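S.K.: Dumping the structure here so I can ask a few things about it.
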Amino acid sequence: MTTHAGLPRHQFQQDANLTANDGPRREAVRKALGNYQTARNRTGATFTDWKSARNAAATIKHEALNHLDRYLEEFEQKFTARGGKVFWASDSKQARDYILKLAKEKGVRSIVKSKAMTGEEIHLNEALLEEGYGVVESDLGEYIQQLKGEPPYHFVFPCMHLRRDEISDLFHRELGTAQTNSPEELTMIARRVLRRAYVEADMGISGANFIVADTGMISITENEGNARLTVGLPKIHVALIGIEKMVPRLGDLALFLPMLATAGTGQHLTGYNSMYGGPRQPGETDGPEEFHVVFLDNHRTRLLADPEQRDALHCIRCGACLNVCPIFKNIGGHTYGTTYQGPIGSVITPHFRGLQDWKHLSGASSLCGACTETCPVGIDIHHHLLHNRRNAAAQKPASGEGLLWKAFVFLMKRPALYRLATKFAPLGGLLQPLLEHVPFNPLHNWTETREFPQAPLRSFRDQFRAHQAAKTSQAKGGAR
Ligand code: SF4
-4 MTTHAGLPRH
6 QFQQDANLTA
16 NDGPRREAVR
26 KALGNYQTAR
36 NRTGATFTDW
46 KSARNAAATI
56 KHEALNHLDR
66 YLEEFEQKFT
76 ARGGKVFWAS
86 DSKQARDYIL
96 KLAKEKGVRS
106 IVKSKAMTGE
116 EIHLNEALLE
126 EGYGVVESDL
136 GEYIQQLKGE
146 PPYHFVFPCM
156 HLRRDEISDL
166 FHRELGTAQT
176 NSPEELTMIA
186 RRVLRRAYVE
196 ADMGISGANF
206 IVADTGMISI
216 TENEGNARLT
226 VGLPKIHVAL
236 IGIEKMVPRL
246 GDLALFLPML
256 ATAGTGQHLT
266 GYNSMYGGPR
276 QPGETDGPEE
286 FHVVFLDNHR
296 TRLLADPEQR
306 DALHCIRCGA
316 CLNVCPIFKN
326 IGGHTYGTTY
336 QGPIGSVITP
346 HFRGLQDWKH
356 LSGASSLCGA
366 CTETCPVGID
376 IHHHLLHNRR
386 NAAAQKPASG
396 EGLLWKAFVF
406 LMKRPALYRL
416 ATKFAPLGGL
426 LQPLLEHVPF
436 NPLHNWTETR
446 EFPQAPLRSF
456 RDQFRAHQAA
466 KTSQAKGGAR
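Take -4 as the starting number for the sequence shown in the working numbering and just add one per residue.
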């Protein structure tokens, strides 16, 4: 992976070119996604009525987001009644500062962390490491990425792009272990390191899959049991959660847990589904002494205020839209340069990090609609990509584009001139070789991978006229 320096758009183009030409990497991703698709098709078929389940999920998220203020308060009231603490962070800095201050006040030395994309979003690990805290990622895929010094490749499968031999090499280099091609042995190596990290940690950090308003609890789903240990063993726990993860009622999880598992990994249910409602209560033997929930806004309320695109906040981060996206399959996760990759990342990143800097992501789509079709909560993803494109153009038209459209309108309003122009269209093919010899080809990005379309020698209008004339003369001949 290259570093993301300079303009995000330029870096994106450069990385996309590199990855699209990296055959072995694309093959590894293709294989991983092929396995996912087989499992998902099998599990999806066990839903009696997936379409109705999807509509129900969309309705519940619609309700949760439309009354988010009320549900968040309900959660806070119930969670704090059991001794939990809630902090409202408007942006990344506030969230980071709160966690750093807490770690300092409590004399924390080492931290264990389970998977939390919100942590990636606010660059939490970097901030903690900078202040001298040891942080260990406890999810196996995240741990591998941390050892490699790379962000997750996919927000559900963080190291899906790596082959077993590459992971073995990494462990050999970083941990001094013997080379092995056995998945079990590789897992046991990580397990030995991670078990020690849980015991030594003073603070655990997690995210959450759902916030449940009526019980004042958070729900975490996982397959490795690492989140349970991350929450249960250290004496302080911090859950860093985006405010959109809300569901109103505990009963809603009866729909969302199997749905997330099916769409996310092709399982009926993930291995472990846990609910946490605050610190250890009197008489309980497990759990942290302090439990903090940090609610992260970070531009989510700005998106919530947009009636056209607010349903993008319904996302349950299952990753299914990435898995079916032809662009993701070809350019991979790192190319996006964002916390949230793939189609949904391309929709929300411009809202979170600035439309003009990140509008290119909305252009990186074939608009095939596979993302929308697969989304378990029915987000109209590919139309949101179009909305972003429209909004970006309205905010700041692309240089030169306005001129082109003006020329087009001028021509279309003058039929005689248009007809004359079409006579010269077949000469357009000559432009390609000409441009290739121009030192500063203005259409370089386009012509590098494409050829000018060959205009037909006779326009549609000419062909139609000829066709009509032939028909008329045939009719006259028949009448004679
Ligand atoms: S947009 Fe839909 S398909 Fe994509 S990650 Fe979110 S919930 Fe899953």
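We treat Cβ as the ideally placed atom computed from N, Cα and C, and that holds for glycine. Quantities reported herein were computed from a predicted structural model and do not represent experimental measurements.
Should CYS313 be listed as close to the ligand SF4, given that the test is whether its C-beta is under 7 Å from any heavy atom?
M.R.: Flag set: Cβ of CYS313 near the ligand SF4.
S.K.: For LEU481 and LEU181, what's the separation of their Cα atoms in angstroms?
M.R.: Given that the chain is displayed from residue -4 to residue 475, the structure contains no residue 481 and the question cannot be resolved.
S.K.: According to DSSP, is GLN276 part of a helix, a strand, or is it coil?
M.R.: In this structure, GLN276 counts as coil in the three-state DSSP scheme.
S.K.: When you compare each of ASN436, PHE403 and HIS355 to GLN6 by their alpha carbons, which one comes out closest?
M.R.: Nearest C-alpha to GLN6: HIS355.
S.K.: Indicate the three-state DSSP secondary structure (helix, strand or coil) for ALA234 in the structure shown.
M.R.: Strand at ALA234.
S.K.: Per DSSP, which one or two residues make a beta bridge with GLU285?
M.R.: GLU285 pairs with ILE231.
S.K.: Are LEU412 and LEU406 touching if we call contact CB-CB under 8 Å?
M.R.: For LEU412 and LEU406, yes; Cβs fall inside 8 Å.
S.K.: Looking at C-alpha atoms only, which residue of PHE403, GLY373 and ALA98 is the closest neighbour of HIS57?
M.R.: The candidate whose alpha carbon is nearest that of HIS57 is GLY373.
S.K.: Runs of 3 residues minimum, wholly inside the segment 113 to 160: which ones carry the beta strand (DSSP E) assignment?
M.R.: Counting only runs of 3 or more, we get 129 to 132.
S.K.: So if DSSP puts GLU217 in a beta bridge, which residue, or which two residues, is it bridged to?
M.R.: In the DSSP output, where bridge partners are listed per residue, GLU217 has TYR267.
S.K.: Please report the straight-line C-alpha distance between VAL288 and LYS230, rounded to a whole angstrom.
M.R.: The alpha-carbon atoms of VAL288 and LYS230 are separated by roughly 15 Å.
S.K.: Would you mind working out which of VAL404, PRO253, ARG244 and ILE139 sits nearest ARG35, comparing C-alpha positions?
M.R.: When only C-alpha atoms are compared, the closest one is PRO253.
S.K.: Let me check you understand the geometry: is the CB of CYS316 closer than 7 Å to at least one non-hydrogen atom of the ligand SF4?
M.R.: Flag set: Cβ of CYS316 near the ligand SF4.
S.K.: With distances taken from CA atoms, which of SER269, GLU284 and ARG295 is nearest ARG275?
M.R.: With distances taken between Cα atoms, ARG275 lies closest to GLU284.
S.K.: Quick check on GLY473: buried or exposed, where buried means 16 or more other Cβ atoms within 10 Å of its Cβ?
M.R.: Label assigned to GLY473: exposed.
S.K.: If distances are taken between C-alpha atoms only, which option among GLY78, SER47, VAL24 and LYS46 comes closest to PRO277?
M.R.: Minimum Cα distance to PRO277 is reached at GLY78.
S.K.: I'd like to check one pair, ASN176 with ALA190: are the Cβ atoms closer than 8 Å?
M.R.: The sequence given here places Arg at residue 190; Ala does not occur at that position. Their beta carbons are not under 8 Å apart, which means ARG190 does not touch ASN176 by this criterion.
S.K.: Once you ignore the five residues that flank ARG25 on each side, which residues in its own chain have a CB closer than 8 Å to its CB?
M.R.: Excluding sequence neighbours, ARG25 sits near LYS324.
S.K.: Measure from the alpha carbon of TYR28 to the alpha carbon of each residue in TYR148, LYS110 and GLN174, then state which is nearest.
M.R.: Residue 28 is actually Leu in this sequence, not Tyr. Of TYR148, LYS110 and GLN174, the residue nearest in Cα terms is TYR148.
S.K.: Is PRO153 near the ligand SF4, with its Cβ less than 7 Å from a heavy atom?
M.R.: Not under cutoff, so the answer is no.
S.K.: Does the segment 96 to 103 come close enough to the segment 308 to 326 that 3 or more CB-CB pairs lie under 8 Å?
M.R.: Short answer: they don't touch.
S.K.: Taking its Cβ as the centre, do 16 or more other Cβ atoms sit within 10 Å of GLU179, making it buried, or is it exposed?
M.R.: GLU179 should be labelled exposed.
S.K.: For LEU426 and GLY202, what's the separation of their Cα atoms in angstroms?
M.R.: Rounded to whole angstroms, LEU426 to GLY202 spans 55 Å at the Cα level.
S.K.: Please report how far the alpha carbon of THR113 lies from the alpha carbon of GLY397, in whole angstroms.
M.R.: Each residue's alpha carbon lies about 39 Å from the other.
S.K.: Which whole-angstrom value is the C-beta distance of PHE42 and ALA48, which I expect to be below 8 Å?
M.R.: Their Cβ separation, rounded to whole angstroms, is 6 Å, which keeps PHE42 and ALA48 in contact under 8 Å.
S.K.: I'd like to confirm the pairing. Which residues does DSSP put opposite VAL107 in its beta bridges?
M.R.: VAL107 pairs with VAL131 and GLY199.
S.K.: Can you tell me where the beta strand (DSSP E) with ALA307 in it begins and where it stops?
M.R.: Unbroken run through ALA307: none, as it is neither H nor E.
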